[in-house]
Amino acid sequence: MTKIAVQVDDLTVAYNYKPVLWDIDLEIPEGVLMAIVGPNGAGKSTLIKSILGILKPIAGSVTIYGKSYEKQRSLVAYVPQKGSVDWDFPTTALDVVMMGTYGSLGWIKRPRQKEKKAALEALEKVGMLPFKNRQISQLSGGQQQRIFLARALVQDASIYFMDEPFQGVDATTEIAIINILKELRKAGKTVIVVHHDLQTVPEYFDWVTFLNVKKIATGPVKDIFNDDNLTKTYGINYKVSIQE
Amino acid sequence: MSNAQIEIQLIASLVAIACAIPGTFLVLRKMAMISDAISHSILPGIVVGFFITQDLNSPLLILLAALTGVITVVLVEYIQKTGLVKEDTAIGLVFPVLFSIGVLMIAKKANDVHLDIDAVLVGELALAPFDRLIISGVDVGPKSLWIIGGILLVTIGLLIAFFKELKLSTFDKGLAASLGFSPAIIHYGLMSVSSVTTVGAFDAVGAILVVALMIAPAATAYLLTTDLKKMLLLSIVFGVFSAISGYWFAHWLDASIAGSITTMLGVLFLMVYLFAPSKGIIAVMYREKQQRTEVSLLTFLLHLKNHDEEAERHVNHLNEHINWQKVRSKTVLDLALKNNMIVINNAIVSLTSKGNEFTTQAIDYIITNEDAQIEDMKDDFFLFRG
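Residue numbers (my numbering), protein chains in the order written: chain A, 6 to 249; chain B, 6 to 391.
What follows is the structure in structure tokens.
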């Protein structure tokens, strides 16, 4: 039996007393590359943010390898939605990647040569080393997304949470990103991705969670990625049109 | 220069620095209006503090008034959180009410003391040197110099200690939270520093101008740099420059010092807005013109590349084929010739090997937006700078 990386019990999250996630139970086994799919407003981002302690749930609990998130922060890396930050902020690509090292540094301590080296290596991995001194507003959407990925890589975590990493990126970047994610899985890491493109789920992921305010289903893609669950999640009669 | 003159300039400069530091982060967090709210709503705090301490420079008064500033922020956020009104409306609702309470309190109770509405709005920097700090009989300088100096030291200390945290939570609140740097703590820390600074600067420059000193230097610096540390440094330089030049402007005009300082800030911003090397209006206009020419050049080169037949490449036929006006064709042709991109033999235009390679690379780059080789070309071509 594989270890459970993330366990969510009876999680309910509300905005202004209106629940957006109802009583979620979820076990994410170690070493999977998992997509979270569901319609707009299904609570996909909310689920990730609640697991990471960014949003406070009104009920339920989350554990990372059996302990609370606060105790396990160093095991977790997070890639927020690209649109959640101001890309006109006066800083460079390298500096943004360095921010990934801040968690291990803790309060007050400054990043030094060791952190810079790690950031440069991460930039190299995502093919962005030539752009290290570029002001971030001067990068294309795909390049910005790679910078965010590099910032997560530099954390050298066990579990990666990514909120729509393929949003607004070109095909080349999408392939580059998914290859890196697959490498992470090979290295035994757990990767959880909020994903929109149902067509690519079987090709990219080995695990999937259907979410629409409630959890519809979770498990291996080959077992549960079917018309029945898609229809339950999206509410319309859904036919998987991908046959290979 | 008399001692008093030096002291006034020193106080103004320290106020400018103390304002520029939190101001930079307020601008980057798109919270400029919050400083306006704080600067007005601390008034009731100052008045109540004054009733208790009878001393405008008492530390207790500063803390009481700063507390009112933080309460303002809390109130604004509370109203906003109900979802009934937007943030700017919430700000517009909260601070005038608190400010008016302060105004009424002054009118009813403080008429006979040195606290009047004019001073509240624009400060009284010229009077600052008269209120001395005497320690065991020795005159160590104006009280407001010591107060703003103390506030500035604390601000610089906090900035150095928490620079990393401030930067992270300003750029990406979500990541800050997930890494364990509570954005709320950093937010209220910044709000407290802004409030204390505002109170400290209030006496010198008043409620309206303190906003200018927080926002204008940072906004000016933002146009000039893409590096946060440089932005902070430039804000400070602009603040001090405006403080000193504003003082002498006022001296010359025989007018309000605070008003002159703010005028200087405005002039400085206007200058940078017009002439900044990359974000300035003139630079932007020049770049757009240049980009137009470069796009034309590339269109022209691509046309040559795509057509082997000589009829398409005849100098006299270019106009009709690319559908350009004469002047534009001439500019483009000259530019291409000057850069050795084309040769003209018997009035037939052909690409040189340099022109050919350039066209391939450039088109490839525009399509994929990815090519390390193009990095070198970026210095010469605006077109590739995005």
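Ideal placement from N, C-alpha and C gives every residue a C-beta, glycine not left out.
Note that the structure is a prediction, hence the values are computed from the model and not measured.
The alpha-carbon separation between residue 287 (chain B) and residue 297 (chain B) amounts to approximately 15 Å.
Within chain B, the residues placing a beta-carbon under 8 Å from that of residue 58 (chain A) are 182 and 183, ordered along the chain. DSSP places residue 223 (chain A) in the strand class (E or B) of the three-state scheme.
It is roughly 22 Å from the alpha-carbon of residue 100 (chain B) to the alpha-carbon of residue 23 (chain B). A direct Cα-Cα distance of roughly 26 Å separates residue 85 (chain B) from residue 51 (chain B). Here residue 234 (chain A) is buried: its Cβ has 16 or more other Cβ atoms, across all protein chains shown, within 10 Å. Listed along chain B is no residue with a C-beta nearer than 7 Å to that of residue 118 (chain A); the closest approach is about 16 Å. The three-state secondary structure of residue 24 (chain A), taken from DSSP, is strand. Distances from the alpha-carbon of residue 360 (chain B) to those of B:318, B:309, B:323 and B:334 put B:309 closest. For residue 213 (chain A), DSSP records a beta bridge to A:40 and A:224.
According to the DSSP assignment, residue 139 (chain A) belongs to no beta strand (DSSP E), since it is labelled neither H nor E. By the Cβ criterion, the stretch 40-54 of chain B is not in contact with the stretch 259-276 of chain B, since fewer than three pairs of Cβ atoms, one from each stretch, lie closer than 8 Å. Pairwise C-beta distances place the stretch 191-210 of chain B in contact with the stretch 68-81 of chain B, as three or more of them are shorter than 8 Å. If you draw a 10 Å sphere on the C-beta of residue 62 (chain A), you find 16 or more other C-beta atoms in it, and that means buried. For residue 227 (chain B), the uninterrupted alpha helix (DSSP H) run begins and ends at 188-227, by DSSP.
For residue 138 (chain B), the enclosing beta strand (DSSP E) covers residues 137-140.
Residue 353 (chain B) and residue 318 (chain B) have their C-alpha atoms some 6 Å from each other.
Of the residues B:169, B:133 and B:28, the one whose Cα lies closest to the Cα of residue 14 (chain B) is B:133. When rounded, the separation of the alpha-carbon atoms in residue 210 (chain A) and residue 332 (chain B) is 57 Å.
Taking a beta-carbon distance threshold of 8 Å, residue 108 (chain A) counts as an interface residue toward chain B.
Assigned with DSSP and collapsed to three states, residue 321 (chain B) falls in helix. Within its own chain, the residues whose Cβ lies closer than 8 Å to the Cβ of residue 173 (chain B), once the five positions on either side in sequence are excluded, are 180, 181, 184 and 186, listed in chain order. The CB of residue 176 (chain B) comes closer than 8 Å to the CB of 90, 91, 94, 96, 101 and 104 in chain A, given here in chain order.
Considering only beta carbons, the part of the stretch 21-55 of chain A lying closer than 9 Å to chain B consists of 21 and 54, in chain order. Taking CB atoms only, residue 167 (chain B) has a neighbour in chain A less than 8 Å away.
Residue range 143-147 is occupied by the beta strand (DSSP E) that includes residue 146 (chain B).
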